[in-house]
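Start counting the sequence shown at 150; every next residue gets the next number (this note's numbering). Glycine residues also receive a C-beta, built at the ideal position from the N, C-alpha and C atoms.
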Amino acid sequence: MTQSFPTPAAHARDLLDTLGVPARPADAGQPVRSPIDGSVLTHVAFDDAREIEAKVAAARRAFDAWRVVPAPRRGELVRLFGEELRAAKADLAALVTLEAGKIASEAAGEVQEMIDICDFAVGLSRQLHGLTIASERPGHSMRETWHPLGPVAVISAFNFPVAVWAWNACLALVCGDPVIWKPSEKTPLTALATHAILKRALARFGDAPEGLASVVQGGRDAGERLARDPRIPLVSATGSTRMGKALAPVVAERFGRSILELGGNNAMIVTPSADLSLALRAIVFSAAGTAGQRCTSLRRLIVHESLVDKVADAVDTAFQRLPVGDPREGKTLLGPLIDRQAYEAFVAAMDAVRAEGGTVSGGERLLADQWPEAFYVRPALARLSAPAPCMQRETFAPLLHVVPYNSFDMAMAIQNDVPQGLSSCVMTNDVREAEAFLSAAGSDCGIANVNIGPSGAEIGGAFGGEKETGGGRESGSDSWKQYMRRQTATVNYSGALPLAQGVRFDL
Ligand code: NAD
Numbered sequence: 150m151t152q153s154f155p156t157p158a159a160h161a162r163d164l165l166d167t168l169g170v171p172a173r174p175a176d177a178g179q180p181v182r183s184p185i186d187g188s189v190l191t192h193v194a195f196d197d198a199r200e201i202e203a204k205v206a207a208a209r210r211a212f213d214a215w216r217v218v219p220a221p222r223r224g225e226l227v228r229l230f231g232e233e234l235r236a237a238k239a240d241l242a243a244l245v246t247l248e249a250g251k252i253a254s255e256a257a258g259e260v261q262e263m264i265d266i267c268d269f270a271v272g273l274s275r276q277l278h279g280l281t282i283a284s285e286r287p288g289h290s291m292r293e294t295w296h297p298l299g300p301v302a303v304i305s306a307f308n309f310p311v312a313v314w315a316w317n318a319c320l321a322l323v324c325g326d327p328v329i330w331k332p333s334e335k336t337p338l339t340a341l342a343t344h345a346i347l348k349r350a351l352a353r354f355g356d357a358p359e360g361l362a363s364v365v366q367g368g369r370d371a372g373e374r375l376a377r378d379p380r381i382p383l384v385s386a387t388g389s390t391r392m393g394k395a396l397a398p399v400v401a402e403r404f405g406r407s408i409l410e411l412g413g414n415n416a417m418i419v420t421p422s423a424d425l426s427l428a429l430r431a432i433v434f435s436a437a438g439t440a441g442q443r444c445t446s447l448r449r450l451i452v453h454e455s456l457v458d459k460v461a462d463a464v465d466t467a468f469q470r471l472p473v474g475d476p477r478e479g480k481t482l483l484g485p486l487i488d489r490q491a492y493e494a495f496v497a498a499m500d501a502v503r504a505e506g507g508t509v510s511g512g513e514r515l516l517a518d519q520w521p522e523a524f525y526v527r528p529a530l531a532r533l534s535a536p537a538p539c540m541q542r543e544t545f546a547p548l549l550h551v552v553p554y555n556s557f558d559m560a561m562a563i564q565n566d567v568p569q570g571l572s573s574c575v576m577t578n579d580v581r582e583a584e585a586f587l588s589a590a591g592s593d594c595g596i597a598n599v600n601i602g603p604s605g606a607e608i609g610g611a612f613g614g615e616k617e618t619g620g621g622r623e624s625g626s627d628s629w630k631q632y633m634r635r636q637t638a639t640v641n642y643s644g645a646l647p648l649a650q651g652v653r654f655d656l
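This is the structure we're talking about:
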């Protein structure tokens, strides 16, 4: 039976009230739409140049105070934030569903990812360790220390509207850095809600400086303004390769640092020894889940020629059966595309496949009678006899290209022969293939998996990719080092002044 829900606008109003986002005039500012039915949820005012300036100046002032707070005490703020997030998890996830269109379980998973990174960052706050290094000079000691860096700008994409900010912000805060967040103009409400949750943690914490965390609402212009600002030593930007190509030179021109998390074009190799039932589940989740709108979504399936028809037919059947609809419905596995532009890009990509000699099954628009301004689609499977130019591009929609291979070397070459380098995987029970895939001559991606799909990373590992994916790493492992500056210090505790490398300079 179909559940009944309040209208997205009424639902969003309730959630914003519960989450503590101050009410604002319903019709002032930019409209925020729900991809569920295309309706306007509310309006959000964009920050003007003066407001952005005030937020950056406040972050810079906050840095002077925050950098000298002991790191474990900074970790206490993130611990409290994790507690507040646990309490708000269901409501924030429901808002992610309304604003980004994710199904309920994936939206809850996104908020869980925020909680996980809080736990990680709290532990990290007691482990921001440096090195001691042997000095070649008698009576000298050398050490390497990590110090706070300064305000960090986080520019985020619509498809992970809250988790990506948390990956950055939780690390930045324990590292001693204020955070200025420019969310996607398509998902400003989840940013306001997250900020309201953080404010509760800040109130409980007590003495955090004003301006430690802020949200700048706006589009490309606001992002560019932050990218240009020399008071911001690090810009962490997530989005399309197009955005990264525009932003990176702007930050580099002023010798700022950037962490770039850009587009992916992720592949799976299915070998003759693969467990096909495992592979099928991995393919369908990673190609169709989140309506193909993950940076790690599966876009290219490279299958041994002896299996390619069997695997493609099974994927096709599974795509046909996937329940598509309102992402708030418990049975729905595929929600809407974010907007009309995304749908048009999907249609154009299917046309390109046909123009290049491939065939496409699926890809129909669904539920258009019910919601003419919302864009639900059946996932599409594109069969090609060999790699084609259309497979070089990322289309942010559920379109999976399938090609055959006849030798493992050929499969590896196809996997690596795209401009992007985010995520990759091989389905095999042959240890030689698995190890070759993970070797120096194997996958050229930042993420390489064996017997799981390319999407759905855990926070404990460093996340990011090579080539046009931008080269950034964030979240786990030693990603925290990017949010700090490294200092090498030599202390002379002798009465002499020997010079390094035996240099003599006798006065
Ligand atoms: P987008 O590039 O349109 O926008 C991303 C953000 O960048 C937005 O906040 C936008 O306002 C801002 N922006 C755009 N141009 C800018 C500029 N010149 N200077 C500064 N800021 C600018 O991306 P989107 O449509 O929101 O998200 C989808 C894209 O993001 C896909 O390509 C996807 O692969 C990528 N993505 C990558 C990762 C990753 O970790 N690698 C994660 C999520 C999404």
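Buried or exposed (CB count within 10 angstroms, at least 16 for buried), residue i
| i | result |
| --- | --- |
| Asp462 | exposed |
| Val640 | exposed |
| Arg555 | For the sequence presented, residue 555 should be read as Asn rather than Arg. So Asn555 ends up on the exposed side. |
| Asp458 | exposed |
| Lys394 | exposed |
| His344 | buried |
| Val652 | exposed |
| Glu543 | buried |
| Leu165 | buried |
| Ile282 | exposed |
| Lys480 | exposed |
| Ala203 | exposed |
| Gln469 | exposed |
| Gly441 | buried |
| His550 | buried |
| Ala249 | buried |
| Val464 | buried |
| Thr466 | exposed |
For residue i, three-class secondary structure by DSSP
| i | result |
| --- | --- |
| Pro553 | strand |
| Asn600 | coil |
| Ile252 | coil |
| Gln569 | strand |
| Leu483 | strand |
| Phe154 | coil |
| Ser385 | strand |
| Cys539 | helix |
| Asn308 | coil |
| Ala590 | coil |
| Lys335 | coil |
| Pro297 | strand |
| Thr618 | coil |
| Leu322 | helix |
| Leu656 | coil |
| Gln261 | helix |
| Gly223 | Residue 223 is actually Arg in this sequence, not Gly. DSSP places Arg223 in helix when its eight states are reduced to three. |
| Thr167 | helix |
| Leu280 | strand |
Which residues DSSP lists as bridging residue i, in chain order
| i | result |
| --- | --- |
| Ser422 | Paired residues: none, contrary to the question. |
| Tyr525 | Leu515 |
| His453 | Tyr554 |
| Met417 | Leu450, Cys574 |
| Leu530 | Ser510, Leu549 |
| His289 | Asn641 |
| Trp330 | Val303, Val364 |
| Phe612 | Glu623 |
| Met633 | Pro297 |
| Arg182 | Val189 |
| Arg380 | Answer by DSSP bridge pairing: none, since Arg380 is not bridged. |
| Thr200 | The amino acid occupying residue 200 in the given sequence is Glu; Thr does not appear at that position. Paired residue(s): none; Glu200 is not in a bridge. |
| Ala407 | One detail in the question is off: residue 407 reads as Ser in this sequence, not Ala. DSSP, once it has assigned bridges, lists Val384 as partnering Ser407. |
| Val218 | Looking at the DSSP assignment, Val218 forms no beta bridge with any residue, so it has no partner. |
| Val473 | Leu483 |
*Decide if the stretch 520-540 is in contact with the stretch 577-589; the criterion is three or more beta carbon pairs, one per stretch, under 8 Å apart.*
Contact fails: fewer than three Cβ-Cβ distances are below 8 Å.
*Give a yes or no on contact between the stretch 327-335 and the stretch 153-160, applying the rule of three or more CB pairs nearer than 8 Å.*
With a cut-off of 8 Å, the stretch 153-160 and the stretch 327-335 do not count as touching, because too few Cβ pairs lie within range.
*Can you find at least 3 beta carbon pairs, one from the stretch 637-651 and one from the stretch 281-294, that sit closer than 8 Å?*
Contact holds: three or more Cβ-Cβ distances are below 8 Å.
*Should the stretch 241-257 be regarded as contacting the stretch 292-305, the criterion being three or more beta carbon pairs within less than 8 Å?*
At 8 Å Cβ cutoff, the stretches do not touch.
*Counting Cβ pairs, one atom from each stretch, are 3 or more of them under 8 Å apart for the stretch 535-542 and the stretch 491-511?*
Touching, per the Cβ criterion.
*Okay, do the stretch 251-260 and the stretch 191-202 touch, 3+ Cβ pairs below 8 Å being the bar?*
Not touching, per the Cβ criterion.
*Are the stretch 202-218 and the stretch 391-409 touching by the rule of at least three beta carbon pairs closer than 8 Å?*
No, the stretch 202-218 does not touch the stretch 391-409.
*Would you call the stretch 333-344 and the stretch 296-313 touching, i.e. three or more CB-CB distances under 8 Å?*
Contact check between the stretch 333-344 and the stretch 296-313: three or more CB pairs, one atom from each, fall below 8 Å, which counts as touching.
_Meets three-Cβ-pair contact criterion under 8 Å: the stretch 432-450 and the stretch 595-609_ = The stretch 432-450 is in contact with the stretch 595-609.
*asked:* So, does the stretch 505-519 touch the stretch 412-431, judging by three or more C-beta pairs under 8 Å?
replied: Judged by pairs of C-beta atoms under 8 Å, the stretch 505-519 does not touch the stretch 412-431, as fewer than three such pairs exist.
*Report yes or no: do three or more beta-carbon pairs, one from the stretch 473-489 and one from the stretch 577-597, lie closer than 8 Å?*
They do not touch, by the three-pair rule.
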